[in-house]
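Protein sequences, first through last, are from chains A and B.
Per my numbering, the first sequence starts with residue 7, numbered consecutively.
Per my numbering, the second sequence starts with residue 9, numbered consecutively.
Ideal Cβ positions, reconstructed from N, Cα and C, are used throughout, including at glycine.
These notes concern the structure reproduced below.
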Amino acid sequence: MNILSIAFKDLLIFFKDRGSALQLFVLPLVFIFVFSGLGNVGASETAVTRLPAVDLDEGGTAVALLQKIDAAGGVKTELMAQSDAQTQLAAGQIDWLLTIPAGFSDDVAANQPTALRLTSHPDADEAARETALLVIDGAAQELTLQAQILTSLQMMAEMQGSTPGPQVFTTEVIQAQAQSQFEAAAARPLISINQTAPGRPDAETAAPAPFSGPNVTVPGFTVLFVFLAAGATALSIYNEKKIGSFRRLLAAPISKAELLLGKMLPTFFIALIQVGVIFLIGVFLMPLLGMEGLTLGEDPLAVLLIVVVMALCAAGLGVLIAAFAHTEGQIGGGSAALLWLMGALGGAFFPTFLLEGFLGQAGKAVPHYWAGKALYGVLARGQRLPDVATELAVLLGFTALFWLVGVWRFDFD
Amino acid sequence: MKKMNEMILEVKDLRKQYGSREVVKGINFSVMAGEIFGLLGPNGAGKTQTISMLTGVVEPSGGTAVIGGYDIRKRMNQVKKINGLVPQDLALYPTLSARTNLNFFGRIYGLRGKALKERVEDVLRVVALTDRADDPVENYSGGMKRRINIAAGLVHHPRLLFLDEPTVGVDPQSRNHIFESVMRLNRERGMSIVYTSHYMEEVELLCHRVAIIDNGEIIALDTVKNLIAMLGGGVIHVGLNQVDEALLARIRALPGVAQASLTTRPAPPPANGGEAADTLTIAPTHPLVKVEARHSQTALINLISFLNEQEIPLVSLEILEPNLENVFLHLTGKKLRE
Ligand SMILES: Nc1ncnc2c1ncn2[C@@H]1O[C@H](COP(=O)(O)OP(=O)(O)OP(=O)(O)O)[C@@H](O)[C@H]1O
Ligand SMILES: [Mg+2]
């Protein structure tokens, strides 16, 4: 009962804070629309894939596109003549070919939809092709969307500015984080990518399921936001110690376990509400606006289970942060930056688990990666509970670790 | 009404250590049921640490205490139901209303429903804030916050209330109000109170008995009256240009004088609990003689005529009022606060 009293009080405080509403409702809303239905690209420095390209446009935007693809890091473009390229592709000497259509630059300038073409050899490596596709896609979106992104950033900054008091997001943090993460972000598919097989240059192959719709993007930032709730716990514990109410709690006839659980429970609820908000927007609001809606995949129960474990994990992470962070800066900006970084590493903006190399490996060190992979599997790949059992088990492992270390190292003084 | 000879709190050799630094050095005292007991001491003396140990906020490093018959090292959960704590900081949730705050603190003491509601209304009346009870605490004035801070420690009707410097930063009006509340709680409800302060006026006014604490040690413990009696007929500080042992002996022999000794100019209490010895090295501009009088008026008259006869110029003269501030000065050579 004491646990509930503490949790209820914390939720009251949380909802009285306008920053909370921003975190809980506005940010996910911005994300879900900005990311609407497109995978996005982070940089990979290690896995360099050769990407032969044919530039039929020869305009400035085409050159910029190729530069951006190269700058993204995972892929290195190689300009070829169209005839050479097609011969080599047919012969299997190259695995795939990017074709920039004539008039591409003009279309982009005129805000006209235009399509790039990625032609693959049937034997081409699937994962590498997905990577290349994502890189191209990200670069393409970046070309047209900087203005839109800046607008949404400004909007968030304004909302932040009007929120008093210390909070998980500071204006600088959110801008720095969002700016770096959004740099490769995408909004409306002004530039689309058609995928074709050689020999049938105009017959489009069906885009593979993982790369369409909010089912692809929602898992990543759902994970990000769920874990952001950990920041709220850490902050509320910090504030409680700062104002001294923590002494009152320690002097009251409640056990330390009740006290900690009472502080963790709100994170759990906030995380669940967070997911609820994102899913409601995805499932109901997006179709209403004529966009592709979110579906809960083949196994909604698995989704629920993943979400619950994730929320428990976030609660543990909150106490862990509270146990190790001691200054206001560490708690506020520091933990927010950490949580955004972990989110990025774990695949919030780009499914890192599709990557080979450093980024794909580094992600494994954060719970976001496993939560994201499981949720991605269930939502985007139509997997069921047994298929994501490993990911769920690892996530449970993280949860247990966070709880144990968090409680063990927690400073009650 | 509880009998005054029943002990509600008995502190036995209580210690607190941080690393190698002992901040509470084995203190002993007891508080009778129905008593207002003062802990008077300068910044960093160890008042808050003592209260924190007695209320279960921090673990003692040694020794123990018995509260309401329960040993705090063994039965803290029972003790916590007897204790009420009003921390030195404003330990309230600023964005919540006073009533929501009080409801919460009542709930964590197990109060529910009608009982909780009644208690909350009751303590709001005690601190006279019923009509502002639904405003967020952050919109309160400093004095009002202090009053709600006290109320939050009262909701569960503790038998033993710890008030840690409840009047810091408070305007005179709120301060008087707090005094009245404390006295009323004690008189009408028989609540035993441990009251810490570094304002001697408060302690003199409120407390039946006082422990003077400095550097983690209790250096005196008695009723206010007896402590002040330690100053005897009073203390007179006389500044002279030159003092030697012979002169001191002649002053001691004067009628009404009990003792005369060289003293140092009162130094401010050491910053952040540093070694007191450091501050005593500050040299006075001229020698200062501390004259302890059996009868201050007699002593004063004789002292002045003696100095006149001997043609010894008087550089300064100060008659210390018989109060706790000067008891502290007398005991430690330091001022309680600067
Ligand atoms: N967590 C801690 N770690 C180390 N030292 C501490 C800690 N808490 C308090 N102290 C030290 O213990 C000593 C006593 O502190 P305490 O807060 O009890 O003083 P106080 O008498 O309440 O003073 P004040 O009138 O300023 O409130 C101080 O020197 C303080 O620096
Ligand atoms: Mg104190």
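For residue i, would you say it is in contact with chain A, using Cβ-to-Cβ distances shorter than 8 Å as the test?
| i | result |
| --- | --- |
| B/Thr72 | no |
| B/Lys122 | no |
| B/Ala268 | no |
| B/Gly64 | yes |
| B/Ile116 | yes |
| B/Pro95 | yes |
| B/Tyr101 | yes |
| B/Thr108 | yes |
Mind checking who residue i pairs with in its DSSP beta bridge?
| i | result |
| --- | --- |
| B/Ile75 | B/Leu17, B/Tyr78 |
| B/Glu30 | B/Gln25 |
| B/Met40 | B/Met15 |
| B/His245 | B/Lys298, B/Glu326 |
| A/Leu85 | A/Ala59 |
| B/Ala219 | B/Leu47, B/Leu229 |
| A/Gln126 | The sequence shown places Ser at residue 126 of chain A, rather than the Gln named in the question. Looking at the DSSP assignment, A/Ser126 forms a beta bridge with A/Trp102. |
| B/Pro144 | B/Ser105 |
Helix, strand or coil for residue i? Go by DSSP, reduced to three states.
| i | result |
| --- | --- |
| B/Lys343 | coil |
| B/Ala268 | strand |
| B/Thr56 | helix |
| B/Ser69 | coil |
| A/Val400 | helix |
| B/Ser149 | coil |
| A/Ala96 | helix |
| B/Tyr203 | strand |
| A/Ala236 | helix |
| B/Val190 | helix |
| B/Phe182 | As written in the sequence, residue 182 of chain B is Ser, which differs from the Phe given in the question. Three-state result, B/Ser182: helix. |
| A/Pro272 | helix |
| B/Leu137 | coil |
| A/Ala121 | strand |
| B/Ile116 | coil |
| A/Leu294 | helix |
| A/Phe21 | helix |
| A/Asp16 | helix |
| A/Leu385 | helix |
Would you verify that the beta carbon of residue i is, or is not, closer than 8 Å to some beta carbon of chain B?
| i | result |
| --- | --- |
| A/Asn200 | no |
| A/Ala406 | no |
| A/Leu18 | yes |
| A/Lys15 | yes |
| A/Ser126 | no |
| A/Ser11 | yes |
| A/Gly237 | no |
Can you tell me whether residue i sits near ligand 1, meaning its C-beta is under 7 Å from at least one heavy atom of the ligand?
| i | result |
| --- | --- |
| B/Asn51 | yes |
| B/Asp222 | no |
| B/Thr138 | no |
| B/Asp21 | no |
| A/Asp419 | yes |
| B/His206 | yes |
| B/Val218 | no |
With distance defined between alpha-carbon atoms, name the residue in the options nearest to residue i.
| i | options | result |
| --- | --- | --- |
| A/Ala333 | A/Tyr244, A/Ile249, A/Ile260 | Per the sequence presented here, residue 333 of chain A reads as Thr, with Ala not at that position. Checked all of A/Tyr244, A/Ile249, A/Ile260; the closest Cα to A/Thr333 is A/Tyr244. |
| B/Thr138 | B/Arg115, B/Thr306, B/Leu110, B/His165 | B/Leu110 |
| B/Gly92 | A/Leu256, A/Gln280, A/Leu391, A/Met292 | A/Leu256 |
| A/Gly352 | A/Ile337, A/Gln336, A/Ala377 | A/Ala377 |
| A/Phe1 | A/Gln94, A/Glu84, A/Pro34, A/Ala68 | With chain A running from 7 to 419 in the structure shown, residue 1 of chain A is simply not present. |
| A/Ile75 | A/Gly66, A/Ala97, A/Leu139, A/Val40 | A/Leu139 |
| A/Ser242 | A/Leu302, A/Phe233, A/Arg24, A/Ala328 | A/Ala328 |
| B/Ile236 | B/Val19, B/Tyr78, B/Pro330, B/Leu171 | B/Pro330 |
| A/Gln336 | A/Ala238, A/Ala108, A/Thr228 | A/Ala238 |
| A/Thr301 | A/Leu318, A/Met348, A/Thr223, A/Arg415 | A/Thr223 |
| B/Ala106 | B/Ile158, B/Asn184, B/Gln86, B/Asn234 | B/Ile158 |
| B/Gln57 | B/Met40, B/Leu171, B/Asp143 | B/Leu171 |
| B/Met238 | B/Glu173, B/Leu332, B/Leu270, B/Ser28 | B/Leu332 |
Is residue i near ligand 2 - that is, is its Cβ less than 7 Å away from at least one heavy atom of it?
| i | result |
| --- | --- |
| B/Glu210 | no |
| B/Lys24 | no |
| B/Thr56 | yes |
| B/Gln181 | no |
| B/Glu333 | no |
| B/Asp172 | yes |
| A/Gln367 | no |
| B/Gln96 | yes |
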